[in-house]
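The opening position of the sequence shown corresponds to residue 81 in the numbering used here, with each subsequent residue numbered one higher.
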Amino acid sequence: MWPSCPGVSEDAEHVFFACPRFDLLRSTWAEALTKKTQPEFLIEAMLSSEAVWQATSAFATGVLQELRRLERKRSVKTRDKTHHKHDGRALARASLHEVMPCGKRRLTPEEVFF
């Protein structure tokens, strides 16, 4: 669930046909359709013309790119919150010649999470 649609399960149908986060992309897609389509008629609409097929493909690609971007952003926030928990274990595994005299150094992502 996302803040833009509280209480709504984010399934493919919701994302494609209702989620307000994708209204701009959806409006571009809708221009290529000759009529408003429903989920049960999506395949029929896509096969009606090359233009509709391309518009549907562009819409789906845009939605997936945005969902991936949001997931990466959420993942970074989660990782930043848990970073301090892993810091000690990673330093303990580090070889002595890599540690600066003060005992602190920059950690690579591999050291933090593996």
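Where is the CB? At the ideal position from N, CA and C, for every residue including glycine.
These numbers were taken from a predicted model, which means no experiment stands behind them.
Local Cβ density within 10 Å of residue i, reported as buried at 16 or more and exposed below that
i, result
"residue 148", "exposed"
"residue 96", "buried"
"residue 25", "Residue 25 falls outside the range modelled here, since the chain spans only 81 to 194, and no answer is possible."
Straight-line Cα distance separating residue j from residue i
i, j, result
"residue 89", "residue 99", "10 Å"
"residue 128", "residue 141", "19 Å"
"residue 116", "residue 106", "11 Å"
"residue 92", "residue 139", "13 Å"
"residue 120", "residue 126", "12 Å"
"residue 154", "residue 145", "14 Å"
"residue 118", "residue 103", "16 Å"
"residue 123", "residue 130", "13 Å"
"residue 152", "residue 114", "35 Å"
Contacting residues, own chain, Cβ-Cβ under 8 Å from residue i (five flanking each side not counted)
i, result
"residue 84", "99, 100, 101"
"residue 94", "85, 88"
Residues of its chain near residue i, where Cβ-Cβ distance is below 6 Å and the 5 sequence neighbours each way are ignored
i, result
"residue 156", "none"
In chain order, each alpha helix (DSSP H) run of at least 4 residues that lies wholly inside the segment 97-135: 103-112, 122-126
Count the CB pairs spanning the segment 106-122 and the segment 131-138 that are closer than 8 Å, and state whether there are at least three. Short answer: they touch.
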